[in-house]
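Protein chains in written order, with the numbering used here: chain A, 13 to 482; chain B, 13 to 482.
Beta carbons are placed, not taken as given, at the ideal position from N, Cα and C, and that holds for glycine.
Structure first, then comments.
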């Protein structure tokens, strides 16, 4: 990669002319702010400039300019990623889609929405709800993350145990390719198999194959959807694991099945004084949403399974506010932990039945490395988020945290798991991905990347372990 | 592409040595039998040889041999495709996976199955049902088509209106690449985003990027699933279209919503003497499967919508045999029509709300070209199968059929539809795909194809409109 042969002032002027409806930022605070996403543990550099584009045409113009001048581009939404996928690289332009916030169309008859990449996930859900429709994917960041970023990372969430992940809802995309051309991929019809699934290839490719500027998503009817919540406190990981397994083997597919461990519970209770049971090791939170009587039956069955597996203080709720109260500890877990120090977030996904074993291995790593590791888990999916905490400025603790991080990834793989269930590879999971993917499969990634971005301009070095160039 | 520098006898001997557990066929009847799939209207040639491989290693050995000798490979399952995707090309080896029929594993705890490519769709469903699990995708060919072929074409089916298509169930694949290497793509965990979705890229790529030899599919619990059937006869396409629209707008997602037109009904009744109402223009067949009371409510609501939209002879059934009886006309429609002459099958998919308009345009094409065109439609998805019938040996009729075929594709596109909802591009839909896909998107296809199959050995010319080579 050559050094950009453009002086800062000229770059700023040129970019301003190419994105007249947007903004170009080159002041130091902005360059710092846009230099990384929410994965501060991953490496990052200050960009040359930040462009907030306002249209697909502006994105294309900026990409064309960058290509001509050999400047690399790091696209981003609101920067809520946890793997460093949006961290700036040396001499790059950060291209943010956050100003592109129009919900372009909601088609009630065909049940789809067209949204610009910068639309916030919750805003899309609200716009759909206003016309009786539902956009299910609900990453924990739904209040701040964008639909474009959700698509670029194939974001998961709480309800994916029943309703699937972002990919399952993306019908089509508008994408700016590395050569600056604008393409429309996918369809608006319910089905369609014309050619390769390039839409699906772009989803989860973390901006390395193209820049998503508009998304067409499938919606579901909202009518008749009632969520019922069930919680229970368990004396051990084994007991909670048995409850999760029993729900699955009885053929119940809950709309959410979340686990919070003791470390998390204590952090939340120390902060918010909710009066959570001090001796509980694990909290399980479930939702069911079958229509009518079937939903009440499911809720009763989940509650009975919780009790039979050793759960105590089992509660059921159907009133939305009550359900919200039951899930309060889940929503507050991450901010409660961040009060204790910078959090290094794992995203391993193991077979559902291996959740108790994986959790006990994580506790062993915490003890071995003298660390606090808290756990939030999408238990129904086997997707665990061990949160490794190292006090601010404590470099030895940071080194131990990194060692524990790698150990957890190895344990996950030994149990048949994958290094990233929903956060993406970004930069943080490159070593894990290199161990997980067969060499020839990494070669396939490189071949596809080289085919669609031969100059390596788009989000270089991210998303998959790159091969050495010849 | 060079002429194969191998004499027939030597080719046969070599292939036999490479696939010792399989079969090599070079006799004329076999070469004829394996020269095309169920799309006889598309061009085909006799292959040099047919290899029925028995293991992934044998597939890899044959691909390696073919690559070394510049011989192209056309992979296939049981050849039930309707677009010519498995039609043999000049000087090729047809590589059939039909002997690879092992269900390798069904994991009840994690709810997935691992099946060799040659496992028949219904056989997989039965194996899953035996342990309380369900494999939903149900192409009409489920009794004879293979899971490998289903994955290669991203097959749809009756229940996809609610449960999605093959892609939605494929978690991972074993694939033999064009260079003869064996790769394992995807995962067995519920979630996973490590790297590009190469699994999804392979699904629906019609054997042009690799040969699928093993498939890992997600399964659902079978417990508590009760299907209820509802049928109604309608006096006009408009009335039936209104019923379809009302079901959708009331937020009901049926487990099936099929439409059969008068031409189809008459062909079935002439053959089977079922006593179908002679004056009915359209039959709608629906299934619902919500659990418990909610299912009964849905069934009642669908029946009420049928009646309110002008449907007569509305019947509901919950007993599986009764439901089967209601759907008999649907199952018999295709064979009933094949009795009338060779059938040219369309697979257009339009917005749900455009189904009545599309059906009336199809009838206009039939009148204009003096043809019989019958219609089966997955109405709930907007996926229509106009079946164009030209009497055997009637060359002018065949030419008119081709003209009607092209006209229907154009009408579908004018209504915002796609040329293939579930059958794939193969050879028959190459012109339609060329019109549907933007030139730069066709370029992306070619770039991906060249990246993964630089010699163009795998199923050449299929799946997408190829660009001219430089």
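Against chain B, with Cβ distances strictly below 8 Å, would residue 208 of chain A count as a contact? Closer than 8 Å: yes.
Nearest CA to the CA of residue 409 of chain B: which residue from B:43, B:33, B:53? For residue 409 of chain B, the nearest C-alpha among the options comes from B:53.
Between the alpha carbons of residue 192 of chain A and residue 226 of chain B, how many angstroms are there, rounded? Taking the straight line joining both Cα atoms gives about 38 Å.
Our contact map puts residue 448 of chain B next to residue 206 of chain A with C-beta atoms below 8 Å; I'd like the distance itself, whole angstroms only. Rounded, the Cβ-Cβ distance is 5 Å, consistent with contact.
Once the 5 residues before and after residue 120 of chain A are set aside, which same chain residues still bring their CB inside 8 Å of it? Excluding sequence neighbours, residue 120 of chain A sits near 143, 144, 145.
Between residue 100 of chain A and residue 46 of chain A, which are expected to be in contact by the criterion C-beta below 8 Å, what is the C-beta distance as a whole number of angstroms? Confirmed, Cβ separation roughly 7 Å.
DSSP beta-bridge partners for residue 245 of chain B? Answer by DSSP bridge pairing, in chain order: B:295, B:324.
Can a CB atom of chain A be found closer than 8 Å to the CB of residue 484 of chain B? Look at the range of chain B in this structure, 13 to 482, and you will see that residue 484 of chain B is not part of it.
Name the chain B residues that come within less than 9 Å of residue 471 of chain A, Cβ to Cβ? In chain order: nothing, as chain B lies at least about 13 Å away.
Residues of the stretch 456 to 468 of chain A with Cβ closer than 8 Å to any Cβ of chain B, in chain order: Only those residues of the stretch 456 to 468 of chain A whose C-beta falls short of 8 Å from the nearest C-beta of chain B are listed: 456, 457, 459, 460, 462, 463, 464.
Whether or not the stretch 321 to 335 of chain A and the stretch 315 to 332 of chain B are in contact is what I'm after, with contact meaning three or more pairs of Cβ atoms, one per stretch, closer than 8 Å; do they touch? Contact fails: fewer than three Cβ-Cβ distances are below 8 Å.
From residue 218 of chain A to residue 471 of chain A, what distance separates their C-alpha atoms? Rounded to the nearest angstrom, the two C-alpha atoms are 8 Å apart.
With distances taken between CB atoms, is the gap from residue 159 of chain B to residue 90 of chain B smaller than 8 Å? Not closer than 8 Å, so no.
I'd like to confirm the pairing. Which residues does DSSP put opposite residue 233 of chain A in its beta bridges? Partner(s): A:145.
Does the pairing of the stretch 436 to 451 of chain A with the stretch 395 to 412 of chain A give three or more beta-carbon distances under 8 Å? Counting Cβ pairs under 8 Å, fewer than three are found: no touch.
At least one CB of chain A closer than 8 Å to the CB of residue 289 of chain B: is that the case? Output row for residue 289 of chain B: interface = no.
Within chain A, partners of residue 203 of chain B - CB distance below 7 Å: Ordered by position in chain A, the residues that pass the 7 Å Cβ test against residue 203 of chain B are 168, 172, 177, 361, 393, 395, 433, 434.
Alpha carbon to alpha carbon, how far is residue 375 of chain B from residue 171 of chain B? So the two alpha carbons sit approximately 26 Å from each other.
Going by DSSP, what residue range makes up the beta strand (DSSP E) through residue 108 of chain A? DSSP places residue 108 of chain A in the uninterrupted beta strand (DSSP E) bounded by 104 to 108.
Could you tell me the alpha carbon to alpha carbon distance between residue 28 of chain A and residue 196 of chain A, rounded to whole angstroms? Distance between the alpha carbons of residue 28 of chain A and residue 196 of chain A is about 26 Å.
Give me the subset of the stretch 247 to 275 of chain A whose CB atoms are less than 8 Å from a CB atom of chain B, sorted by chain position. Going along the stretch 247 to 275 of chain A in chain order, one finds 257, 260, 261, 262, 263, 264, 265 with a Cβ nearer than 8 Å to chain B.
Please report the straight-line C-alpha distance between residue 127 of chain B and residue 117 of chain B, rounded to a whole angstrom. In this structure, the straight-line span from the alpha carbon of residue 127 of chain B to that of residue 117 of chain B is close to 7 Å.
Of the residues B:362, B:210, B:355, B:39, the one placed nearest residue 406 of chain B, counting alpha carbons only: When only C-alpha atoms are compared, the closest one is B:355.
Thinking residue 364 of chain B and residue 248 of chain B are a contact (beta carbons under 8 Å), I'd like their distance in whole angstroms, please. Distance from residue 364 of chain B to residue 248 of chain B at the Cβ level is roughly 18 Å; contact not present, criterion being Cβ atoms closer than 8 Å.
Three-state secondary structure (DSSP) at residue 131 of chain B? Of the three classes helix, strand and coil, the one that applies to residue 131 of chain B here is coil, per DSSP.
Under 8 Å, do residue 18 of chain A and residue 81 of chain A count as touching if we go by C-beta distance? Taking C-beta atoms as the reference points, residue 18 of chain A and residue 81 of chain A count as a pair closer than 8 Å.
Express the C-alpha separation of residue 168 of chain B and residue 350 of chain B in angstroms, rounding to a whole number. Approximately 21 Å, taken between the alpha carbons.
Can you tell me the Cα-Cα spacing of residue 4 of chain A and residue 427 of chain B, whole angstroms? There is no way to answer for residue 4 of chain A, as the model of chain A reaches only from 13 to 482.
Is there at least one Cβ from chain A nearer than 8 Å to residue 121 of chain B's Cβ? In terms of beta-carbon proximity, residue 121 of chain B lines the interface with chain A, with at least one pair separated by less than 8 Å.
Inter-residue spacing [alpha-carbon to alpha-carbon] between residue 477 of chain B and residue 210 of chain A: Looking at the two C-alpha atoms, the distance is approximately 15 Å.
Pick out whichever of B:208, B:454, B:467 has its Cα sitting closest to the Cα of residue 194 of chain A. The shortest C-alpha to C-alpha distance from residue 194 of chain A to any of B:208, B:454, B:467 is the one to B:454.
Starting from residue 528 of chain B, trace the beta strand (DSSP E) both ways and give me its first and last residue. Because chain B spans 13 through 482 in this model, residue 528 of chain B falls outside it and cannot be assessed.
Since residue 273 of chain B is in the alpha helix (DSSP H), which residue starts that stretch and which ends it? Residue 273 of chain B -> not in any alpha helix (DSSP H); beta strand (DSSP E) instead, spanning 268 to 273.
In chain B, what lies closer than 9 Å to residue 180 of chain A by C-beta? Those within 9 Å of residue 180 of chain A in chain B are 176, 180.
Consider the Cβ of residue 449 of chain B: report whether some Cβ of chain A lies at a distance smaller than 8 Å. Yes, its Cβ sits closer than 8 Å to a Cβ of chain A.
Ordered list of beta strand (DSSP E) runs contained in the stretch 184 to 208 of chain A, each at least 3 residues: DSSP runs (the beta strand (DSSP E)) wholly in the stretch 184 to 208 of chain A: 194 to 198.
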